[in-house]
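Participant: For reference, the structure I am asking about is given below.
2 protein chains.
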Amino acid sequence: MSAPLIDKYRKMATFDWKKLKAAVEGEEHVRLKSEVVAKMKSEPVFHRDYRVLSREEQREVVHQRWKKIVEWGLFKDPYSDLENFHALTETLEAYDQGTSARLFLHGNVFGAAVKSMGTDRHKDLIQKTENNEIVGAFCLTEVGHGSNTAEIQTTATFDNGELVFNTPSVSAIKCWAGNLAHSATHVVVYAQLHVEGKNEGFHGFVIQVRCPRTFQTLPGITIGDMGSKPGCWQGVENGWMEFKNHRAPLSALLNKGCDITPDGKYVTSFKSASEKQSVSLGTLSVGRLGIIAKGMMACTFASTIAIRYSVARRQFGPVKGAENEIPVLEYPLQQYRLFPYLSAAICIRIFQKKFVGHFTEYMMRVIMGEKSDELSEFSKEVHALSSGAKPVATWLGVESLGEARKACGGHGYLQMSRLNTLRDDNDPSQTFEGENFMILQQTSNILLGKAQSIGSIETPMSTMSFLNQKPSKFSSWSSNPVNDVLSAYRYLTYHLLQTTSAEAYRLKASGKNSFEVRNEIQIHRAVNLSVAYTEHTMIHWVQQFLKEIEDQSVKPVLQKVLNLFSLFLLERHLATLYITGYASGGKFGEDLREKLRLAVAELKPEAIALVDSIAPDDFILHSALGASDGKAYEHIMEEFRKYTNEQPRWVCDLAQFLQKRSQGSKL
Amino acid sequence: MSAPLIDKYRKMATFDWKKLKAAVEGEEHVRLKSEVVAKMKSEPVFHRDYRVLSREEQREVVHQRWKKIVEWGLFKDPYSDLENFHALTETLEAYDQGTSARLFLHGNVFGAAVKSMGTDRHKDLIQKTENNEIVGAFCLTEVGHGSNTAEIQTTATFDNGELVFNTPSVSAIKCWAGNLAHSATHVVVYAQLHVEGKNEGFHGFVIQVRCPRTFQTLPGITIGDMGSKPGCWQGVENGWMEFKNHRAPLSALLNKGCDITPDGKYVTSFKSASEKQSVSLGTLSVGRLGIIAKGMMACTFASTIAIRYSVARRQFGPVKGAENEIPVLEYPLQQYRLFPYLSAAICIRIFQKKFVGHFTEYMMRVIMGEKSDELSEFSKEVHALSSGAKPVATWLGVESLGEARKACGGHGYLQMSRLNTLRDDNDPSQTFEGENFMILQQTSNILLGKAQSIGSIETPMSTMSFLNQKPSKFSSWSSNPVNDVLSAYRYLTYHLLQTTSAEAYRLKASGKNSFEVRNEIQIHRAVNLSVAYTEHTMIHWVQQFLKEIEDQSVKPVLQKVLNLFSLFLLERHLATLYITGYASGGKFGEDLREKLRLAVAELKPEAIALVDSIAPDDFILHSALGASDGKAYEHIMEEFRKYTNEQPRWVCDLAQFLQKRSQGSKL
Ligand SMILES: Cc1cc2nc3c(=O)[nH]c(=O)nc-3n(C[C@H](O)[C@H](O)[C@H](O)COP(=O)(O)OP(=O)(O)OC[C@H]3O[C@@H](n4cnc5c(N)ncnc54)[C@H](O)[C@@H]3O)c2cc1C
Ligand SMILES: Cc1cc2nc3c(=O)[nH]c(=O)nc-3n(C[C@H](O)[C@H](O)[C@H](O)COP(=O)(O)OP(=O)(O)OC[C@H]3O[C@@H](n4cnc5c(N)ncnc54)[C@H](O)[C@@H]3O)c2cc1C
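Chains as they are written, first to last, in the numbering used here: chain Z, 1 to 667; chain E, 1001 to 1667.
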């Protein structure tokens, strides 16, 4: 076993991984990313080992790294320099989500909120934000309210030309705001605006919270940290904040579409509270696209680490003798457990990139001031799809890391595998920017709203058009599994829409109110509807990408990847396919599963090269089990040797204790 | 919201939770556990907060706690004082698996191995082990071998009346041995025994590795730590060990059934290498029953924390206004996500307790020296069931903690919820004492071995008897969901056995060797077979327990619990039920899912009282979200307030940096 086995596996592939990478990610993106990586490698502050840092240490390194990135001046505005922005973002997200959260929350959450809700009077602040002269945080969540943002309880009361902020109860204390506990000088904060004794509802404000020199909090503001957190979020200073008659100037009100006149009258151009709220929170939906990428990245890490390790790891063989043991990657079961996430890493990337393209077009039209029915349809569709894709991608991502850990056996549990930490890092992606089950309701609500217009559904991204045709049941398999899968998804989505909608009617007719109805149709119906619609779109978009791909040399392997991805997803709906009547008889399911097993097996010779095409640089990957040289044992032992012959101070106490026990027993 | 809502939910229950607890756990067990808890509460060394300790700190507290427990003299031998042993074990496991590992690895793994493989010449060592004059570790795993223990490469060579230990390669370095890195004075170590130039195969040895006074390693031995690990295992000093001509006396050989004569001849009474190996590793299967309990405990923690929090957490409501918001436990979807694990916590406990009963009977017969065909059938059946139940229970356990975290929204991600840490704590239970997918193969191998004797299968625990009758397809639902579920499982298991066995034949006939055949029948077939067999037994045993229960007042609620557990498990096989032909047509699946939703809903009024009946004492639970007083927000804020106005030292640097940015922009 002198030359690592991984080289043998590299040679099995039918394609050139660099070409595949270029085809999927774009050459420029690949080049820009490697520039960022080179920059990071050359800076000692980005170097790291496998020790677990304390809360204090972790935050200090995040601070140092953040400073470096700001100094580099690389972190550009997404709209002025899209390519650089994506390259930097992706690299940082892969390197450490804590560090990237530090930058994002300031620029893309705090900054974007001020920009989108503010007016000319906030220009100076926006300037300072872009120039990193201040540090921003985003304070929406309260101890008692996260998902139900409309009911947050912090108050901002107009008084004598100023705004007075208060926290009326424990559950109104702001919390979870990243950057807040130690660094923020300014925050965007949401509160109920009271003017002349009337609650004008949910509004966004921007206020200063600390003196930028002493970092003391301003009068009437108490800020604290939330204590320990898992994974990389230990390095993020999520804070809580309590107001007691904190006075801020009137300019704190982010006054696009509403204002308070100098003589203290509230005026607004919003037609309804919900219109105002949707503008106030509009910036949040942008974030969802970024979170889809977190899911993709999780699948990327999981499959890279576990598949490379599965080549180095040999266990059992056809005949006795350690020399006859085979790499665990050879076991069909091991492949079945890992390859679907490899295919997901690639397909979600392709899907997400296309989605970002659509979204950018949408945003451009919004920024240009377009007001049209089509644009509002566009907004709805973006909302439906992002609210479906964020849960699907993040659930897959977290699941993939759990499975990868198990597939690496005991060594997967070492800190240096990084798999448990990565799982903890990604865990909250299922919750923030919209709790997954909550936003799936948004997708199904929009779809259910279309149930009446079947036959004439038209949307800008055409993700719902297939619902116009009554789909037919399964008749036979074609030679193209992806087409077969898409047909099944169309039937599934259509039928789930029909049955969920019918169930809602039935419940309404039985006297339930719309709140009860919505709650009662979720399980097995609305939830599955949202997921089926989303997965259909994902698969369909990747299929389109494949049709348009220029480099024909990588098309066959991508086809294999998509075959697996689509069969893997569909198999999870097999029971529902039977229930909705798409097929009957055992053979359909048996066939589907056989096709799935086949699709898994077909990826085996390509697996290591596919991993090479998605894996981040070793420096970013930072996993003893997943390094590209395939020398897992060497890396493991290198780390082990650092802890040779350790004698913690309590061993003395142990020696005395054993001594005492032994004397005791002789009495 | 002055009186916590939890009290209202407590009153909804139809039963007395204390009676339920006594019925399920036994009064004596409940009493003994509360004695242990009281003892722990009174000792400051067992107090803890929510900070994450460093590797060094965590190990030091484990050492201190271990000392206290040894001083109490509570940790008795399982066979001489079963009740006390179980009460202590369960309490410690719930308190911190790291601390309990410290005790277990010494007494129940190291000690048990010496006892079972050793002879009279090891009596003194056993005495010292029981008296805690030495510290033991168990060294089986090597860097290159875990699952395939037969191929471990460490050698023990007979030379001049002594045994010489060597580590021939990097992959032969012992690793993962708990207690080894700092504390162990002695270890049981497995190696290939070479006598007169011949490899006599895999043997167990017990050797001293450190001086008990200086704790220096003995000549020819290098020991180190494995660095950082996740969760409570950070507190466990899993170590690695390398031999270079380490000489030990001949008495190191654990010589039950084999020996080396004074003149250097190897003698053995074992008939085959596999017989020897199964005796050498026999002690391991005992452990599996303990690991099933880890899965149960994980479900217990997950459902306790998430269900109690779901009552305190109110979000959304039928009409606007924070005062109209309802506890998230009211949402059918939230119930659907959590109640199955509550039912699993209770049912797995009942199953595991019964299994321990059977196992104890089995061990008694072994210890009495019985040698019979029936006993060897017993051994096989215990092996099949424990190899199935350990995966089923630990997968459910880890899954439950992940779902519970998500169900607690953002606050679930705080360290003080304990959910992520508990997930990390439980994660390796899926891997150690037999990697889950590996041992499922043992279950299916045993079942497949029975395929030929259908009609006359008889085993001591009768878990396979149902296979003797050809089961019939679904005809209609009865009034008892558990009976319906069991019928479905019988059909499922029977058919999976038939089809898996047929597939194996087909592959063999096509020229594949038995290694290939075994690998190729796993996915969708052998794996599902093992799981179905195990789940059938679990449900069946709980049903039997219910039939025999004395306290009739708790029977109805336990019936609800079992209804849910069995429907929940079966629903996961719905697609396979269709494939195997148990049912056809959408209605069957729709009905099954409706029954499942109903079973979930029926548990709602009982949920909090059920949680009370399984929840460990608050001191042990140690979760701000899950405390029995239902005051989650108060506990969260109490912790938050500890971190008020923190100013880490780097904030100075940040202030200067912002200052510089601002000056720069003005130039
Ligand atoms: C690491 C991290 C960073 C964060 N950063 C920020 C930040 O910078 N700024 C900020 O303002 N916030 C931040 N948050 C907060 C985050 O946005 C919220 O936690 C998130 O929106 C989820 O809301 P919640 O916690 O209220 O969940 P909850 O709504 O309390 O969810 C709890 C459970 O109830 C269920 N549930 C709730 N309502 C319903 C319903 N109607 N039907 C069915 N089920 C329901 C949910 O599905 C979930 O299972 C952060 C959170 C985390 C974990
Ligand atoms: C926290 C912890 C504590 C431990 N404590 C101890 C201890 O005290 N003493 C000790 O000796 N050991 C200990 N161990 C080691 C543990 O026993 C092994 O890790 C465990 O047996 C799994 O073996 P492995 O790591 O070799 O997994 P591997 O066998 O390497 O498994 C890797 C992957 O390969 C797959 N695979 C392997 N063979 C096959 C096959 N034939 N077919 C299909 N798939 C296959 C597995 O399913 C898995 O997905 C500990 C481990 C941990 C994590």
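Even glycine gets a Cβ: it sits at the ideal position worked out from N, Cα and C. A quick note: this is a predicted structure, and the numbers were derived from the prediction, not measured.
1) Is the beta carbon of PHE1432 (chain E) within less than 7 Å of some heavy atom of ligand 2?
2) Give the C-beta separation of HIS203 (chain Z) and ALA137 (chain Z) to the nearest angstrom, bearing in mind that I take them to be a contact with Cβ-Cβ under 8 Å.
3) Could you compute how far the alpha carbon of ARG1365 (chain E) sits from the alpha carbon of LYS1587 (chain E)?
4) Does chain E have any CB closer than 8 Å to the CB of TRP72 (chain Z)?
5) Are LYS537 (chain Z) and LEU385 (chain Z) touching if we call contact CB-CB under 8 Å?
6) Leaving out five residues on either side along the sequence, give the residues of the same chain with a beta carbon under 6 Å from the beta carbon of LEU20 (chain Z).
7) Who are the near neighbours of LYS1018 (chain E) in its chain, counting only those whose CB is closer than 6 Å to its CB and skipping five residues on each side?
8) Does DSSP put LYS1354 (chain E) in a helix, in a strand, or in coil?
9) Exposed or buried, which one is GLN352 (chain Z) when buried takes at least 16 other CB atoms within 10 Å?
10) Using a Cβ-Cβ cutoff of 8 Å, what residues of the region 1167 to 1182 of chain E are near chain Z? List them in chain order.
11) If you compare alpha carbons, which of E:VAL1319, E:LYS1256, E:GLU1594 is closest to PHE515 (chain Z)?
12) First and last residue of the beta strand (DSSP E) that includes ILE1439 (chain E)?
13) Could you tell me whether the region 421 to 436 of chain Z touches the region 313 to 331 of chain Z, using the rule of 3 or more Cβ pairs below 8 Å?
14) Beta carbon of LEU1562 (chain E), beta carbon of VAL1542 (chain E): below 8 Å?
15) Using beta carbons (cut-off 8 Å, strictly below), is LYS19 (chain Z) in contact with chain E?
16) Confirm, please, whether the CB-CB distance from ALA1627 (chain E) to ILE1636 (chain E) is below 8 Å.
17) Closest Cβ-Cβ distance between THR534 (chain Z) and chain E: below 8 Å?
18) Three Cβ pairs or more, each shorter than 8 Å: is that satisfied between the region 1437 to 1453 of chain E and the region 1241 to 1260 of chain E?
19) Thinking C-alpha only, which one of E:MET1040, E:LYS1115, E:TYR1362, E:GLN1442 is nearest THR1129 (chain E)?
20) On the three-state DSSP scale, how would you describe MET1001 (chain E)?
21) Hey, which unbroken runs of the alpha helix (DSSP H) at 4 residues or more fall wholly within the region 1210 to 1291 of chain E?
22) Does the region 1035 to 1044 of chain E come close enough to the region 1633 to 1650 of chain E that 3 or more CB-CB pairs lie under 8 Å?
23) Kindly list the residues whose CB is nearer than 6 Å to the CB of VAL527 (chain Z), restricted to its own chain and excluding five residues on each side of it in sequence; keep chain order.
24) So with Cβ pairs under 8 Å, would you call TRP240 (chain Z) a contact of chain E?
25) Under the rule that 16 or more other beta-carbon atoms within 10 Å means buried, what is GLY993 (chain E), buried or exposed?
26) Could you check how far apart the C-beta atoms of ARG597 (chain Z) and TYR331 (chain Z) are, in whole angstroms? I think they sit under 8 Å.
27) Thinking just about the alpha-carbon of each residue, which of Z:ALA583, Z:PHE205, Z:VAL164 is nearest to the one in THR119 (chain Z)?
28) Under 8 Å between C-beta atoms, does TYR1578 (chain E) make it to chain Z?
29) Examine ligand 1 and report whether any of its heavy atoms sits within less than 7 Å of the Cβ of SER1335 (chain E).
30) Buried or exposed: CYS1652 (chain E), going by 16 or more other Cβ atoms within 10 Å of its Cβ?
31) Rounded to a whole number of angstroms, what is the C-alpha to C-alpha distance between SER1478 (chain E) and LEU1486 (chain E)?
32) Is the beta carbon of LEU92 (chain Z) closer than 8 Å to that of LEU82 (chain Z)?
33) Excluding the 5 residues flanking PRO1481 (chain E) on each side, which residues of the same chain have their C-beta closer than 8 Å to its C-beta?
34) Helix, strand or coil: which one does DSSP assign to ASN426 (chain Z)?
35) Going by DSSP, what residue range makes up the alpha helix (DSSP H) through GLN543 (chain Z)?
36) Which of helix, strand or coil does DSSP assign to VAL1311 (chain E)?
Facilitator: Reading off the structure:
1) Answer for PHE1432 (chain E): yes, Cβ within range of ligand 2.
2) A Cβ-Cβ distance of about 17 Å is found for the pair HIS203 (chain Z) and ALA137 (chain Z), leaving them out of contact under the 8 Å criterion.
3) Per the coordinates, the alpha-carbon of ARG1365 (chain E) lies some 50 Å from the alpha-carbon of LYS1587 (chain E).
4) False, the Cβ-Cβ gap to chain E never drops below 8 Å.
5) Residue identity check: residue 537 (chain Z) is Thr in the sequence provided, not Lys. It is a contact, given that the beta carbons lie within the stated cut-off.
6) So the qualifying residues of the chain are VAL554, SER613.
7) Same-chain partners within the cutoff: there are none.
8) Three-state result, LYS1354 (chain E): helix.
9) GLN352 (chain Z) should be labelled buried.
10) Correct list: VAL1170, SER1171, ILE1173, CYS1175, TRP1176, ALA1181, HIS1182.
11) Answer by Cα proximity: E:VAL1319.
12) Boundaries for ILE1439 (chain E): no beta strand (DSSP E) harbours it, while the alpha helix (DSSP H) harbouring it runs 1436 to 1450, taken from the DSSP string.
13) Short answer: they don't touch.
14) For LEU1562 (chain E) and VAL1542 (chain E), yes; Cβs fall inside 8 Å.
15) Not closer than 8 Å to any Cβ of chain E, the Cβ of LYS19 (chain Z) fails to qualify, so no.
16) If you check the CB distance, ILE1636 (chain E) and ALA1627 (chain E) do not come in under 8 Å.
17) No, THR534 (chain Z) does not count as interfacial toward chain E.
18) Below 8 Å, too few C-beta pairs join the region 1437 to 1453 of chain E and the region 1241 to 1260 of chain E to call them touching: fewer than three.
19) Out of E:MET1040, E:LYS1115, E:TYR1362, E:GLN1442, the CA that lies nearest to the CA of THR1129 (chain E) is found in E:LYS1115.
20) Because MET1001 (chain E) sits at a pLDDT of 43, beneath the cut-off of 50, its placement in the model cannot be relied upon, and the following sentence gives the value as read from the coordinates. DSSP, read as helix, strand or coil, puts MET1001 (chain E) in coil.
21) 1273 to 1280, all fully within the region 1210 to 1291 of chain E.
22) Counting Cβ pairs under 8 Å, fewer than three are found: no touch.
23) If we look at VAL527 (chain Z) and ignore the five residues flanking it on each side, its Cβ neighbours are LEU440.
24) With respect to chain E, the C-beta atom of TRP240 (chain Z) has a partner C-beta closer than 8 Å.
25) What is shown of chain E runs 1001 to 1667, which leaves residue 993 (chain E) out entirely.
26) With a beta-carbon spacing of about 13 Å, ARG597 (chain Z) and TYR331 (chain Z) fall beyond the 8 Å limit used to define contacts.
27) Of Z:ALA583, Z:PHE205, Z:VAL164, the residue nearest in Cα terms is Z:PHE205.
28) In terms of beta-carbon proximity, TYR1578 (chain E) lines the interface with chain Z, with at least one pair separated by less than 8 Å.
29) Residue identity check: residue 1335 (chain E) is Gln in the sequence provided, not Ser. No - ligand 1 has no heavy atom lying nearer than 7 Å to the Cβ of GLN1335 (chain E).
30) If you draw a 10 Å sphere on the C-beta of CYS1652 (chain E), you find fewer than 16 other C-beta atoms in it, and that means exposed.
31) One C-alpha to the other measures close to 12 Å.
32) With contacts defined as CB atoms closer than 8 Å, LEU82 (chain Z) and LEU92 (chain Z) fail to qualify as a contacting pair.
33) In its chain, beyond the 5 residues on either side, ASN1563, SER1566, LEU1567, LYS1595, ALA1599 have a beta carbon closer than 8 Å to the beta carbon of PRO1481 (chain E).
34) Assignment of ASN426 (chain Z) by DSSP, reduced to helix, strand and coil, places it in the helix class.
35) From DSSP, the alpha helix (DSSP H) with GLN543 (chain Z) extends over 527 to 548.
36) DSSP, read as helix, strand or coil, puts VAL1311 (chain E) in helix.
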